[in-house]
Each structure stands twice: as structure tokens, then as C-alpha cells.
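Chemist: Handing you this structure, nothing more for now.
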Amino acid sequence: MSLFSRNSGIKLNKYKNTVGMAVVPVSTPERVYVPLPSMEGFSCTPAVSPGDMVGMGQLIGKSESRRLAPVHSSVSGTVEAIEEFPLPLGGSCLHVVIRSDGRQDAAEGIKAPAFGDRESFLKAVWASGITEKGESCISIAESFDFPEGSVDTLIVNAAESEPYLTVDHMTMLAYAEELTAGCRSLMAGLGIPRTVIAIEENKKDAAELLEKYADESIQIKMLPDTYPHEELRTLLRETVGRELPGRKKPVDAGAAVIGISALLKLQQYFEGGMPLITRSLTIEGNAIARPMNIEAPIGTRLSEIIAFCGGIKEGKRLGKLILGGPIKGTALTGASFSVGKGDFGLICFDEKYAIGGRETACINCGRCNEACPEGLMPALISKAWRSGRFERLEALNAGLCTGCGACSYVCPARKPLRAELAEAKAFLAVKDAAEQEAEPLTEEEGGGL
Ligand code: SF4
Ligand code: SF4
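Just remember that the working numbering sits 774 ahead of the position in the sequence shown, which is counted from 1.
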């Protein structure tokens, strides 16, 4: 079979060895280290102090931004400290350290949210603290910020196309009824008439189960078994046949998108009022003793999760630890980080995987061009970036890169294309922002005053 699929993107051996393994809750840790993230000049500020008793679901990090999700306690217990700790992607932030009392008592006042109109619905979605997979800061309410009536489709992203990961698949098998109820809640709250749940062909069992609970407003759309489908532009193209113009959001193309895990958490919040306090992750790789799908309180140390999965396999040494999936994830420097709101996978490889191959010269094979779902020319963008020909980046549409990593995956010269494309894209974003700031105001905007 050809490496390249008919719909672009790449065909991968997915190594989904944890298919069939239900999501198991980890034992409540003795302590959690809950991050209080910040973005765009806004930070979550502590809503508790050392010595305070907290209940599960209690607000511990206040947000004053509509984009930044508030943070809640994942255990009941006592706040021991509020300290700065490093983050897996670099940098650091304040973490609330809570010693668990082992009881997991819900905080006072936890109850299903009430909402009457669209504004109060959106406020409740924001107050849930839920973020998307891979996103530690931005509230999912951001995806639903559109003028009433301008969106006709809710897309549920259930692709999970990276190798190793199966936690979304297992979530669908366990919670199909709640997930379809979640679609109806969102459609009613946001005034959207229909939902399309996008699933890869390799999850037919989940699709059949969801079909059982769906009504005429919910359609299941099977996607080819290729990578990547999670990327928003690919998802919109293959799910509803709409092209998303560069740097636009799905709502600009009449669609709102939510991931399957965020949808489940949201529906559970609508039903019982418990905000986001746990994350489900696939723990996999050739160095872990017992690959599993687990659900962990936010703030659980990764080392404790590895221990819960039997630790490192006898006779192996941990060589590479990746947070997220093996293609797009982040290689970690250790296991002392804690589970954040957007985490969904932890891949433990032995030393064999830690030895990266040496980069060689580009052989102009064109594989990266064929693999790119956005139709970009990664090799040319890389050359422009390396040689400082920044004016070429715009012409080569470097800003449209989604960071899927398909180009790096297929490159026989082991070029770090994904990383270079990310740098080039960030450069263009900074340049754009600077140009916008420098632009004089129009008369309408007040420039004539
Ligand atoms: S250039 Fe960007 S969008 Fe294209 S394959 Fe590489 S990482 Fe993915
Ligand atoms: S895949 Fe690698 S070697 Fe082939 S053209 Fe792209 S950058 Fe060059």
C-alpha cells in the first residue's frame, strides 16, 4: 500500500495496543500540584491560601479573562503551598499544592448550572474550566463565541489519528449516550441545528454505538484512517466540505468544533456541576510495564502515573518520555511535571527511541510536499527560513502550517521540518502583529480626530 493516502495526509501504522482497555481511575495521589496558567498577559490568580481546606471542584484559580479558563481543585484536602514550578513546554507558573485527605468530598455548592439565555449558557461553559485536548489555558467557551445564527453545524472531533492514543476511542465506547446528550445540550444552548461527529474508520464500534443514541440532528461521519484529521482545516474540509481561509476560525466558516473528551466533561458538568478536575490519558510506549488508559486528577505527578502503570518494564530503561502523541507531543526532561488540563497521552520509550538519526542533506524527493495536508511545500519553507529569506515565507503560505508533523515524519533526511515551520509561522505572526500596531487609524476608527 502506498504511504500516501488518497486524501493526502499519511497512512501510519497506528500501534493502538490499548484498544479495548477501559479508562481506569488512578489512585488519589497524596498531593496534587495544580498549575495556574497564564496567557496573553492574563494569569489565573490564587483563590485560596496555604492552610485553607478545599473540596473537590472548588475554585482555586480565578481568571479575569473570557479566554482563560478558571482552575478548580481536583482533590479534597488542605492547601499546603502556592509555589512556582516548571511547565512541560518550558517556562514556569504558580502551582497550588494540595495535600489530599483521601475522602474526595465535593466542594459545597457544586450543583448543575442554571442558564436561561445564550449569554448565561456561555458563562456557564466558561465557568466549567474546560479546555480542549492539548490546550492548558484557553476555555472551550472561546470556540462558541459567534454571533447568534451564524453557525449551522457543531463538529465533534473524534478522530484521534495519532498512533498509540486510544483514550478518546474508549471514552466513546463507555459514554456514547452522554456524548450524544452533550451534542443536544450544545445545539440547544447555542442555537445550532445539527451536529456531525467525525470518526476515523478504525473506530467503527464507537460509531455504531453513537449511531444508536443519535437522532436526526446528529450525523456520524466516517473519515479515512489517515493522519492527521484533528487539525481544524483538515477536519472542516473532510467533515463538512468547507475550506477554512488561512488564520480564520471554524466559526468564520459556519462551524463550531469541540473534541470528544471536552464534550463529555461539559455534559457531565451540565448534569452535576463538577468542573474540569480530571483528565483521561493513554499511557503507552515500549518501556512502560502496563500500557493503560487512565483518568487522573489534574495536578497528579507524571511519575505517580508511571508507577500506577507498573513502572518501567523490567530490563528496559526510560530513554524518551513524550507528553501527548508520538508525532506532535513534547519530549520531556523528566517525570516531575504534573498533569495539566490539556494532557491526553504519555508515551514512554526506551533508549533505542531516544537516539535521533543524524540530519542529512535534502534529496528533493518531494515526500514532504505530498504528505502535507495543507498543500504546503515544507522543504522550500525550511530553506527560506534557514537562509533568512523571510520575504519568501508569506508567498509560501508558511502561516497556514498546522504543525501536524506529517512532513517531518516522512522525511528520509530527518529534517526538523515541523520545528522550523513552527518557527517560521511564529515569525510571521509577530510580524503581522507589529504591522497592525504600526498601521495608522482610519477616520472611522478615530484617526481623523
Ligand atoms: S508543513 Fe505544517 S501542515 Fe504541512 S505537513 Fe508539515 S507540519 Fe503539517
Ligand atoms: S522529504 Fe526531506 S528530503 Fe524529501 S524533499 Fe522534503 S525535506 Fe527534502
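The beta-carbon is built from N, C-alpha and C at its ideal position, and this holds for glycine as well.
For ligand 2, is there any heavy atom lying closer than 6 Å to the beta carbon of ALA1180?
Modeler: As a position in the sequence shown, residue 1180 is number 406, starting the count at 1. It does not: the Cβ of ALA1180 is nowhere closer than 6 Å to a heavy atom of ligand 2.
Chemist: Taking the alpha-carbon of SER817 as reference, which of GLY864, THR802, ILE912 and VAL797 has the nearest alpha-carbon?
Modeler: Residue mapping note: residue 817 aligns to position 43 of the sequence shown, counting from 1. Taking only the C-alpha atoms, the option nearest SER817 is ILE912.
Chemist: Roughly how many angstroms lie between the CA atoms of ARG1188 and ARG873, to the nearest whole one?
Modeler: Walking along the sequence shown from the start, residue 1188 turns up at place 414. Walking along the sequence shown from the start, residue 873 turns up at place 99. Approximately 45 Å, taken between the alpha carbons.
Chemist: By DSSP, does PRO809 sit in helix, in strand, or in coil?
Modeler: Along the sequence shown, one-based indexing puts residue 809 at 35. The answer is strand: DSSP assigns PRO809 an E or B state.
Chemist: Need the endpoints of the beta strand (DSSP E) that PHE859 sits in, please.
Modeler: Translated into positions along the sequence shown, residue 859 becomes position 85. Here the beta strand (DSSP E) through PHE859 covers 851-860.
Chemist: When the Cα atoms are used, what is the spatial distance from TYR987 to ASP919?
Modeler: Here residue 987 corresponds to residue number 213 of the sequence shown, with the count starting at 1. Here residue 919 corresponds to residue number 145 of the sequence shown, with the count starting at 1. Rounded to the nearest angstrom, the two C-alpha atoms are 28 Å apart.
Chemist: Using 10 angstroms around the beta-carbon of LEU863, count the other beta-carbons present and answer buried if the total reaches 16, otherwise exposed.
Modeler: In the sequence shown, the residue the question calls residue 863 occupies position 89. Exposed, since its Cβ has fewer than 16 Cβ neighbours within 10 Å.
Chemist: If THR927 and ILE1034 are in contact, beta carbons under 8 Å, what's the gap, nearest whole angstrom?
Modeler: Position 153 of the sequence shown, counting from 1, holds the residue named residue 927. Position 260 of the sequence shown, counting from 1, holds the residue named residue 1034. Actually they are not in contact, since the Cβ atoms of THR927 and ILE1034 sit about 16 Å apart, beyond 8 Å.
Chemist: If the criterion is Cβ atoms closer than 7 Å, does the pair SER910 and LYS1115 meet it?
Modeler: Along the sequence shown, one-based indexing puts residue 910 at 136. Along the sequence shown, one-based indexing puts residue 1115 at 341. Yes, these two residues count as a Cβ contact at 7 Å.
Chemist: Examine ligand 1 and report whether any of its heavy atoms sits within less than 6 Å of the Cβ of PRO755.
Modeler: Because residue 755 is not part of the residues shown, which for the chain are 775 to 1223, the question remains open.
Chemist: Distance check for GLY1098 and GLY908, CA to CA, integer angstroms please.
Modeler: Taking the sequence shown and counting its residues from 1, the one referred to as residue 908 is at position 134. Taking the sequence shown and counting its residues from 1, the one referred to as residue 1098 is at position 324. If you take the alpha carbons of GLY908 and GLY1098, they lie about 8 Å apart.
Chemist: Should GLY1103 be counted as a contact of ligand 1 given a C-beta to heavy atom distance under 6 Å?
Modeler: Translated into positions along the sequence shown, residue 1103 becomes position 329. GLY1103: no, Cβ never under 6 Å from ligand 1.
Chemist: Just checking ALA1153 against ligand 2 - is the residue's beta carbon closer than 6 Å to any of the ligand's heavy atoms?
Modeler: Here residue 1153 is taken as the residue at index 379 of the sequence shown, counted from 1. Because some heavy atom of ligand 2 lies under 6 Å away, the Cβ of ALA1153 counts as near it: yes.
Chemist: Quick one: what's ASP942 bridged to in DSSP?
Modeler: The count along the sequence shown starts at 1 and reaches residue 942 at position 168. None; ASP942 has no bridge partner.
Chemist: Taking 6 Å as the cut-off, does the CB of ARG805 come closer than this to any heavy atom belonging to ligand 2?
Modeler: Stepping through the sequence shown from its first residue, residue 805 is reached at position 31. No; taking the cut-off as 6 Å, the Cβ of ARG805 has no heavy atom of ligand 2 nearer than that.
Chemist: Suppose the cutoff is 8 Å on Cβ atoms and the five residues either side in sequence are ignored; what does the same chain contact list for LEU1050 look like?
Modeler: As a position in the sequence shown, residue 1050 is number 276, starting the count at 1. Result list for LEU1050: ALA843, HIS846, SER902, GLY903, ILE904, THR905, LYS1039, TYR1043, ILE1072 and LYS1115, in chain order.
Chemist: What are the boundary residues of the alpha helix (DSSP H) that LYS978 is part of?
Modeler: To locate residue 978, count along the sequence shown from 1; it is residue 204. Run containing LYS978: 978-987, per the alpha helix (DSSP H) assignment.
Chemist: Just the C-alpha distance for GLU1148 and ASN1138, rounded to the nearest angstrom, thanks.
Modeler: To locate residue 1148, count along the sequence shown from 1; it is residue 374. To locate residue 1138, count along the sequence shown from 1; it is residue 364. In a straight line, the C-alpha of GLU1148 is about 19 Å away from that of ASN1138.
Chemist: Would you kindly report the start and end of the unbroken beta strand (DSSP E) that includes VAL930?
Modeler: Position 156 of the sequence shown, counting from 1, holds the residue named residue 930. That run of the beta strand (DSSP E) goes 927-932.
Chemist: Spell out whether any CB of chain C is found under 7 Å from the CB atom of LEU953.
Modeler: Looking at the structure shown, chain C is missing, and only one protein chain is on hand.
Chemist: Locate the alpha helix (DSSP H) running through ARG1053, then write down its first and last residues.
Modeler: As a first step, residue 1053 must be located in the sequence shown, where it is residue number 279. That residue, ARG1053, is in no alpha helix (DSSP H); its beta strand (DSSP E) goes 1052-1058.
Chemist: Determine the closest residue to CYS1136 out of CYS1122, PHE1123 and ARG1160, with distance taken between C-alpha atoms.
Modeler: In the sequence shown, counting from the first residue as 1, residue 1136 sits at position 362. With distances taken between Cα atoms, CYS1136 lies closest to ARG1160.
Chemist: Looking at the secondary structure, which residues open and close the alpha helix (DSSP H) in which GLN1042 lies?
Modeler: The residue you call residue 1042 lines up with position 268 of the sequence shown. Residues 1034-1046.
Chemist: To the nearest angstrom, how far is the alpha carbon of GLY1222 from that of ARG1011?
Modeler: The residue given as residue 1222 occupies position 448 in the sequence shown. The residue given as residue 1011 occupies position 237 in the sequence shown. Because the pLDDT at GLY1222 is just 35, under 50, the model does not fix this residue reliably, and the point stays unresolved.
Chemist: Using DSSP's beta-bridge definition, name the partner residues of SER874.
Modeler: Within the sequence shown, numbered from 1, the residue matching residue 874 stands at position 100. Partner(s): GLY851.
Chemist: Does the distance from the C-beta atom of GLU974 to that of SER935 stay below 7 Å?
Modeler: As a working mapping, residue 974 is identified with position 200 in the sequence shown. As a working mapping, residue 935 is identified with position 161 in the sequence shown. Yes.
Chemist: Any idea if GLY756 is buried or exposed, counting beta-carbon neighbours within 10 angstroms, 16 or more meaning buried?
Modeler: Summary: the structure shown does not reach residue 756, with the chain confined to residues 775 through 1223, and so no result is reported for it.
Chemist: Could you compute how far the alpha carbon of THR792 sits from the alpha carbon of LEU1092?
Modeler: Against the sequence shown, residue 792 aligns to sequence position 18. Against the sequence shown, residue 1092 aligns to sequence position 318. Between THR792 and LEU1092, the C-alpha separation is close to 20 Å.
Chemist: Just how far apart, CA to CA, sit SER779 and ASN787?
Modeler: Against the sequence shown, residue 779 aligns to sequence position 5. Against the sequence shown, residue 787 aligns to sequence position 13. With a pLDDT of only 42 at SER779, under 50, the local geometry of the prediction cannot be trusted, and no value is derived from it.
Chemist: If you reduce the DSSP assignment to three classes, tell me which class ILE1121 lands in.
Modeler: As a working note, residue 1121 is residue 347 in the sequence shown. Here ILE1121 sits in strand by DSSP.
Chemist: Ends of the beta strand (DSSP E) at ALA1081?
Modeler: Within the sequence shown, the letter at position 307 stands for residue 1081. Run containing ALA1081: none in the beta strand (DSSP E); it sits in the alpha helix (DSSP H), 1076-1082.
Chemist: Rounding to the nearest angstrom, what Cα-Cα distance links LEU1106 and LYS1094 in this structure?
Modeler: Translated into positions along the sequence shown, residue 1106 becomes position 332. Translated into positions along the sequence shown, residue 1094 becomes position 320. Rounded to the nearest angstrom, the two C-alpha atoms are 7 Å apart.
Chemist: Report the option in VAL1025, ASN1143, GLY923 and VAL808 whose CA atom is closest to the CA atom of ARG1053.
Modeler: Counting from one through the sequence shown, the residue named residue 1053 turns up at place 279. For the residues VAL1025, ASN1143, GLY923 and VAL808, the minimum Cα distance to ARG1053 belongs to VAL808.
Chemist: Rounding to the nearest angstrom, what Cα-Cα distance links GLU858 and PHE1118 in this structure?
Modeler: Residue mapping note: residue 858 aligns to position 84 of the sequence shown, counting from 1. Residue mapping note: residue 1118 aligns to position 344 of the sequence shown, counting from 1. Their backbone Cα atoms lie some 23 Å apart in a straight line.
Chemist: Residues in its own chain within less than 6 Å of GLY963 by CB, not counting five upstream and five downstream?
Modeler: Taking the sequence shown and counting its residues from 1, one reaches residue 963 at position 189. Same-chain partners within the cutoff: PHE895.
Chemist: Considering just the uninterrupted stretch of the beta strand (DSSP E) at ASN1143, what are its terminal residues?
Modeler: On the sequence shown, position 369 is the one that residue 1143 refers to. Segment 1141-1145 is the alpha helix (DSSP H) holding ASN1143; no beta strand (DSSP E) there.
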